[in-house]
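In terms of this note's numbering, the sequence shown is residues -19 to 723.
The structure under discussion appears below in the form of structure tokens.
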Amino acid sequence: MTPRVALKPAVPVLASDGVTNLSRRRFLGTAAGALVVGIALPAGRARAVEAAVKPGTRVPAFLEIRPDGTVRLLSPFVEGGQGIATGMAQIVGEELDVDPARFVVECAPPGPDYAVVNGLRMTGGSFSTRSSYALMRQLGATARDMLIRAAAARLGVGESALTTRDGTVVHAASGRSLPYGDLAAEALALAPREGVALRDPKDFRYIRHPVPRLDMRDKATGRAVYAIDQTVEGMLYAAVRHAPRPGTEPEGIDNEADARAMPGVQGVHRLPGAVAVTADSWWRARKAVEALAVRWTRPQTAGADALAADFSSEGMRAALAAETGEGHVAEAEGDATAAFARAATVIEAEYHAPYLAHAQLEPPSAIARFNPDGTLDVWTPNQMPELFQNLSAEVAGLSPDKVRLHSPMLGGFFGRHFAYGSSNPYPQAIRLAKATGRPVKVLWSREEEFLVDALRPLSHSRFRAALDARGQPIAIAVRTVGEGPIGRWFGALFKDPVDSSAVEGIVGKPYAIPNRRMTFVKRAHPVTIAFWRSVGHSMNDFFYESFLDEMAQAGGQDPFALRMTLLKESPRHRRLLEEVADLSGGWRRGLYAAEGGQRARGVAMASPFGSETATIAEVSVEGGEARVHNLWIAFDPGSVVNPAIVKAQVESAAALGLSAALVEQMVYRDGQRQAQNFDAYPILRREHMPAVHVRIVESGAPMGGVGEPGLPGVPPAVANAVAALTGQRIHSLPLANAKLSGV
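Following this line, the structure appears as structure tokens:
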């Protein structure tokens, strides 16, 4: 067997099974770890450690070059279907001069080298590619330079006499060449140079090209390994039943002995807010935990500061609407008060959006194993490895350097895999592994996931607009009441009283309305809230863009033309509107005849995560329900790495946005969630999926996000089309709650 010669990573290297042969090193705090640095490390130690490593500069931490010509890349990011593994291979491969098809990409373990997202490490916020693009290009170029220098020393020639060709250093004058794998060990001994020249973009062969996804074959053939597929030797399976109401605890189990006697059962366990059964198979564990006769403590009977017995989503919505707090200014321009005083017309509207579940395909799971040497291995889906390493250490009572965190491919994303306390299974796995003395895999049933999933927050905004005598908007004022996930989970870091995740999509709009006043009033939810795909934009762009159509109607204007007028000083946004109109065959106002009856179109714009979108939806009404036939989306992320992945991401985001617009909602009644599975939490059905047409417009602006921006424009475009078709203005999602008049 040929020995492997490599640029040896200076980080823990996972063996092929991801379980054994793990090297270890002391945990080093990172900027991502700084999210919990108060738990993990003293501040002075954290600063010293952060200064010790400049993320993304140590080539051996990222690359392993193998004798067979393949390259193993330890990526800072978690693959969850967004194609980041392929994108990283394209970026690094472009500068390293290796075909991305020869890359094997794995998620890197926790460590300071990978804090490449503006000093953090996370996979989310549509940040991955745009925040690491320059750095990963430089990494590939630096590695290539090291290999050329090693080849020059071996061949006894000048570096300038050498070039590279797809994983080989070539000396054209003599016809000699050396594969990268033969040079890796020598290259490792060299100090990397700073500022190695990058390839001219006009010579790109992989970046900006539709390179096939690296994970496509494994997913198509069933070889892809998700958390639900993972096993370790000697493990027990655990099934869990959570308290029907958060905040209550198991008070007693009347038939515990009977459950322990069931086939394969190892034990019955009480956990914070839950009970669990460990067994030799998950099915046996689930049957036993479902058979338990559990007595739970009583919830608080009333009040909004906890999930009381009388809590309801309708009641929460009413509480947000009735909130009288003064609030904080989120955006102010001009003199809105004076503009309203001189207005020819003033219009007002209130908008609401419901709680939403993540409803991911793969139910959450986690494996925990305590080792004889006092270390702990945790396998759990996550979007921030360092954070989960620290939190796992806290649960286990260990120091972070004793925890090895493994980050599998995610079978569902959308912000589900941040740390939301009891909405994650890994603490249960750790506690059960400690209690049993064996590795334990916790897998939640679909019903348990629906019961404890952290939700996109319910939201309320009140809009007012002032129009002049020509029907032009001269002022807008918005009052948003609620809570966002940034304030909930990172409030200690971000001291601003205005939660950006609660107002994004309402503030910072590109329209030239001269007088603006946007305020935010915090009203905490007793529900565990979370990030959700496109976060605050997912509801706020629906609010704002719908109300903008109300302004157009009140002023007697075409909504498309009004947007063009308000964007006269913004050529980037005007171009997007022109592009989406062209893509759709030309903007049409009002009703028109089409296949099977009357249809109408709605338009909307959104500016999420550094990108820009313009969306047109074509809608009819059938049986009192909206039927979307086409979505046309012009998308400007500045620049792209893989246009095929960009198009796929916009399409998938559009599907989720349409699902939220038409049918999705998590309803609370009597303190309990009413949906426990997909039968009561409908999602977009296949027969209701429209044709999605995407045009990528590269404006050359700084690179923006891709995974989320395609979503926010869809709900308002659909709602605006419905209003044009039926005359009914929808102020609250989903549309399924409204009986639409046929046309």
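Glycine included, every Cβ here is placed at the ideal spot set by N, Cα and C.
From a predicted model like this one, the values you see are computed outputs, not experimental measurements.
C-alpha distance - residue i paired with residue j, whole-angstrom precision
i, j, result
"I64", "L431", "30 Å"
"E602", "P695", "18 Å"
"P388", "F527", "42 Å"
"A130", "A152", "16 Å"
"G61", "Q369", "23 Å"
"E374", "H505", "26 Å"
"K475", "L178", "39 Å"
"Y400", "W424", "15 Å"
"A640", "P588", "17 Å"
"A718", "A634", "21 Å"
"M531", "E429", "41 Å"
"P682", "G590", "8 Å"
"H332", "E303", "14 Å"
"P56", "D650", "43 Å"
"W469", "A660", "29 Å"
"A164", "P352", "35 Å"
"R459", "M544", "26 Å"
"A703", "G99", "45 Å"
"R266", "A223", "15 Å"
"L385", "D77", "31 Å"
"A259", "F350", "18 Å"
"G577", "V599", "11 Å"
Whether residue i touches residue j by CB criterion (9 Å)
i, j, result
"R426", "A457", "no"
"G138", "G161", "no"
"L158", "V84", "no"
"A81", "V191", "yes"
"V58", "P465", "no"
"P662", "E644", "yes"
"L547", "P453", "no"
"H308", "F500", "yes"
"G253", "S402", "yes"
"S293", "V515", "no"
"P361", "G391", "yes"
"P617", "G685", "yes"
"A738", "V274", "With the chain covering only -19 through 723, there is no way to say anything about residue 738."
"D93", "G36", "yes"
"I71", "R117", "yes"
"L556", "S439", "no"
"A510", "A434", "yes"
"A123", "V39", "yes"
"F658", "R513", "no"
Heavy atom of the ligand MG within 8 Å of residue i beta-carbon
i, result
"A204", "Annotation note on the ligand MG: not contained in the displayed structure, which lists no ligands."
As assigned by DSSP and simplified to three states, the class of residue i
i, result
"A69", "helix"
"F727", "Because the chain is modelled from -19 through 723, residue 727 falls outside the range shown and cannot be assessed."
"V647", "coil"
"P477", "coil"
"L435", "strand"
"V698", "helix"
"H668", "helix"
"A725", "This structure does not reach residue 725, given that the chain is present from -19 up to 723, and the question cannot be answered."
"L385", "strand"
"F589", "coil"
"R266", "helix"
"S261", "coil"
Inter-residue CB distance, residue i and residue j (contact presumed, cutoff 8 Å)
i, j, result
"V269", "A219", "4 Å"
"P279", "G232", "Rounded, the Cβ-Cβ distance is 17 Å, inconsistent with contact."
"P551", "G637", "With 8 Å as the limit, P551 and G637 do not qualify as a contact, their Cβ atoms being about 26 Å apart."
"A346", "P405", "4 Å"
"R411", "G462", "At roughly 33 Å, the Cβ-Cβ gap does not stay under 8 Å, so R411 and G462 are not in contact."
"G582", "A597", "5 Å"
"V672", "E631", "5 Å"
"V149", "A310", "Not confirmed; about 55 Å, so no contact."
"T416", "G247", "6 Å"
"E229", "T277", "5 Å"
Cβ of residue i within 9 Å of any chain D Cβ
i, result
"E44", "Structure shown: chain D not included; a single protein chain is present."
Could you pull out every unbroken beta strand (DSSP E) segment of at least 3 residues lying fully inside the stretch 151 to 213, listed in chain order?
156 to 159
Can you list the beta strand (DSSP E) stretches of 3 or more residues lying completely in the stretch 48 to 125, in chain order?
51 to 55 and 83 to 87
Hey, which unbroken runs of the beta strand (DSSP E) at 3 residues or more fall wholly within the stretch 230 to 259?
230 to 233, 245 to 251 and 254 to 259
My parser needs the beta strand (DSSP E) runs of 3 or more residues fully inside the stretch 309 to 352; what are they?
325 to 333 and 345 to 350
To test your reading of the DSSP string, which unbroken beta strand (DSSP E) runs of 3 or more residues are found completely within the stretch 479 to 559?
495 to 502
Note down, one range per segment and in chain order, each alpha helix (DSSP H) of at least 4 residues found wholly within the stretch 595 to 646.
623 to 642
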